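**Student:**
2 protein chains.
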Amino acid sequence: MSSSDFGNVRALTFDMFGTTFDWWTGMSDQIADLLSEKAVPVDAGELASRWREQFFVGLERVRTGQRDWANLDVIHAEGLVQVLHDLGLSEVPDNERQELVRAWHRLPAWADVPEGVERLRRRFTICALSNGGFAQITNLVKNAGLRFDCVLGADISRHYKPDIEIYRSAAELLDVAPEEVMMVAAHGWDLDGARAAGFRTAYVARPREYGPQRTGENPAHVHCDLFVRGFGELADALG
Amino acid sequence: MSSSDFGNVRALTFDMFGTTFDWWTGMSDQIADLLSEKAVPVDAGELASRWREQFFVGLERVRTGQRDWANLDVIHAEGLVQVLHDLGLSEVPDNERQELVRAWHRLPAWADVPEGVERLRRRFTICALSNGGFAQITNLVKNAGLRFDCVLGADISRHYKPDIEIYRSAAELLDVAPEEVMMVAAHGWDLDGARAAGFRTAYVARPREYGPQRTGENPAHVHCDLFVRGFGELADALG
């Protein structure tokens, strides 16, 4: 598919955790800092990875109606209880738990992101579209010094990706037809949801998403309109 | 009231039309450009002022439940029908009408705004909170090259200012208590709504809002925590 096939795309919506931000490195570093101060013995990367797994468990409970709507900060706080229990670290006090949840508001962007965002915003409306909350995503983007034109969190539509409603709500708020929006994500499940809503799809391979020791998502079976290895390559592909 | 009284303010919400943007000059210029091409004889400033009056009529109909929710682009389009009729300009064709409505997406900021915004965003989360739609405000801010941390339009809460719900929804999405937010506006009615929601209030005097020939809002009876003459003075006052 050539770039001319994307001539009617007017807005790009970006996934945040894993696609724009290197959550594993950012969380591992912050977990190690916070817990070493308290002399808690911990494999920070292992804690970060397990916590991310709990995020999916929590989301699924909301998506399937097993629990009422809760914002990602709440899902993270609940997931942390489970992970600390599983790792035998239940002694970590409330204060540190709150700081750990808050660490998800301050993460490093992948190296190709700042320049890619600047290039892409010259031509498109660029919008963060995340399962994080509006305040969380505002903080993430601000702390990293990135410049998105606007941000949307899951608390705007009260639906988590890949529910079709969150993508439809984004297109409506951006005042564009679904086919005029391209979802940019490092996860096939996110692109599947976006495609079901009528969006175009760009897959960004992030093989290090789960750290250097763990295998990232296998892109072999991902369906997408565009496959790239970073935001610079995305800007190239979109002309 | 000294700046120390605002020590717990974490976020600033900004009105757009009149406070951040000089809609009268921007609309007068665009109306003159668009209609002179079509050789329509028009007092562009008069049309802009009358159109703004219709905006309040349209909002009031939504706020009082006389009509269902409609976004500001729709309110603007309907108001234009009335204004063109009143001015004997009903011959203006649909294409030009659509372009005129769209002109509200591209307005000049007041001269003190760009630097003021940069100073204020170093210390606060700064958020646009407008009766415009999310897409419209995203366009306005992007076209003017301003950098807000996030934008909220009335279509997020489906309430127009000064309904208390739009301010409460903004505080909730920003994840701050109402008293941690300061509404920045050039209109007493907006600050009254914000205060009712528990916000702090900053009044920005914009005596030229309705152009050089018309009297702007009289600030004598406005209630506010802070009275300033521009965004630079606001940044000074907030330390």
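The listed protein sequences derive, respectively, from chains A and B. Its first residue numbered 1, the first sequence is counted upward by one per residue in my numbering. Its first residue numbered 1001, the second sequence is counted upward by one per residue in my numbering. From the three backbone atoms N, C-alpha and C, an ideal C-beta is built for every residue, glycine too. Computed from a prediction, not measured in an experiment: that's the story for all the values here.
What's the gap between the Cα of B:G1065 and the Cα of A:D236?
**Tutor:** 49 Å
**Student:** If contacts are defined as beta-carbon pairs under 8 Å, then B:R1195 and B:T1201 qualify, I think. What distance do you get, rounded to the angstrom?
**Tutor:** 6 Å
**Student:** Around the Cβ of A:Q98, are there at least 16 other Cβ atoms within 10 angstroms (buried) or fewer (exposed)?
**Tutor:** exposed
**Student:** Less than 7 Å between C-beta atoms, sequence neighbours within five positions excluded: which residues of the same chain meet that for A:A11?
**Tutor:** The residues are F124, T125, C127, L174, V176, E180, V181.
**Student:** By the DSSP assignment, the alpha helix (DSSP H) with A:A205 in it spans what residues?
**Tutor:** First-last for A:A205: undefined, no H or E at that position.
**Student:** Taking the CB atoms as reference points, tell me whether B:D1163 and B:R1063 lie closer together than 8 Å.
**Tutor:** yes
**Student:** Buried or exposed: where does B:F1017 fall if 16 or more other Cβ atoms within 10 Å of its Cβ makes it buried?
**Tutor:** buried
**Student:** Determine the burial state of B:K1142: buried for a count of at least 16 other Cβ atoms within 10 Å of its Cβ, exposed for fewer.
**Tutor:** buried
**Student:** With a Cβ-Cβ cutoff of 8 Å, do B:G1130 and B:G1153 count as a contact?
**Tutor:** The amino acid occupying residue 1130 of chain B in the given sequence is Ser; Gly does not appear at that position. Against a cut-off of 8 Å, the Cβ pair of B:G1153 and B:S1130 comes out as a contact.
**Student:** Near A:E78, which residues of its chain fall below 7 Å by C-beta distance, leaving aside the five closest residues on each side in sequence?
**Tutor:** G58
**Student:** By Cβ distance, which residues of its chain are closer than 7 Å to B:G1216, with the 5 residues on each side in sequence left out?
**Tutor:** Hits under 7 Å: R1206, P1207, R1208, E1209, Y1210.
**Student:** How do the segment 19-34 of chain A and the segment 68-78 of chain A stand: do at least 3 beta-carbon pairs fall below 8 Å, yes or no?
**Tutor:** no
**Student:** Kindly indicate which residue of A:G198, A:V113, A:A220, A:V42 has the alpha-carbon position closest to the one of A:H187.
**Tutor:** Comparing Cα-Cα distances from A:H187 to each of A:G198, A:V113, A:A220, A:V42, the minimum goes to A:A220.
**Student:** Going by beta carbon distance, what residues of the same chain come within less than 8 Å of A:I137, once the five residues before and after it are set aside?
**Tutor:** M16, A128, S130, V151, L152, G153
**Student:** Strictly under 8 Å for the Cβ-Cβ distance: is A:L44 near chain B by that measure?
**Tutor:** Before going further, note that residue 44 of chain A is Ala rather than Leu in the sequence given. A:A44 does not count as touching chain B.
**Student:** Along the chain, where does the alpha helix (DSSP H) that runs through B:D1042 open and close?
**Tutor:** Per the sequence shown, the amino acid found at residue 1042 of chain B is Val instead of Asp. No alpha helix (DSSP H) holds B:V1042; DSSP gives it neither H nor E.
**Student:** By the criterion of Cβ-Cβ separation under 9 Å, what are the contact partners of A:G18 in chain C?
**Tutor:** The displayed structure is made up of protein chains A and B, and chain C is not among them.
**Student:** How is the alpha helix (DSSP H) around B:V1113 delimited, first residue to last?
**Tutor:** 1113-1123
**Student:** Looking at chain B, is there any beta carbon in it that lies within less than 8 Å of the beta carbon of A:V113?
**Tutor:** no
**Student:** Listing by chain order, which chain A residues have their CB less than 7 Å from the CB of B:L1173?
**Tutor:** F134, A135, D155
**Student:** Can you tell me whether B:V1081 is helix, strand or coil according to DSSP?
**Tutor:** helix
**Student:** Leaving out five residues on either side along the sequence, give the residues of the same chain with a beta carbon under 7 Å from the beta carbon of A:S2.
**Tutor:** Because the pLDDT of A:S2 is 49, which lies under 50, any placement of that residue in the model is unreliable, and the number read from its coordinates should be weighed accordingly. Excluding positions up to five away in sequence, the list is empty.
**Student:** Compute the distance between the beta-carbons of A:W51 and A:V83, then report whether it is under 8 Å.
**Tutor:** yes
**Student:** List, in order along the chain, the chain A residues whose C-beta lies closer than 9 Å to that of B:T1125?
**Tutor:** A135, T138, N139, K142
**Student:** By the 10 Å Cβ neighbour count, where 16 or more other Cβ atoms means buried, how is A:F56 classified, buried or exposed?
**Tutor:** exposed
**Student:** Does the Cβ-Cβ distance between B:G1133 and B:D1112 come in under 8 Å?
**Tutor:** no
**Student:** Counting only beta-carbon atoms, is B:D1015 nearer than 8 Å to chain A?
**Tutor:** no
**Student:** If contacts are defined as beta-carbon pairs under 8 Å, then A:E96 and A:K38 qualify, I think. What distance do you get, rounded to the angstrom?
**Tutor:** 6 Å
**Student:** Which same chain residues, not among the five before or five after A:R106, have their C-beta less than 6 Å away from its C-beta?
**Tutor:** So the qualifying residues of the chain are N143.
**Student:** By Cβ distance, which residues of its chain are closer than 6 Å to B:F1227, with the 5 residues on each side in sequence left out?
**Tutor:** Y1203
**Student:** According to DSSP, simplified to helix, strand and coil, what is A:V184?
**Tutor:** strand
**Student:** Going by beta carbon distance, what residues of the same chain come within less than 6 Å of B:F1014, once the five residues before and after it are set aside?
**Tutor:** T1020, A1128, V1184
**Student:** Compare the C-beta of A:C150 against all C-beta atoms of chain B and say whether one is closer than 8 Å.
**Tutor:** yes
**Student:** Taking only three categories from DSSP, how would you classify A:L152?
**Tutor:** strand
**Student:** Go ahead and label A:G7 buried or exposed: buried means 16 or more other beta carbons lie within 10 angstroms of its beta carbon, across all protein chains shown.
**Tutor:** exposed
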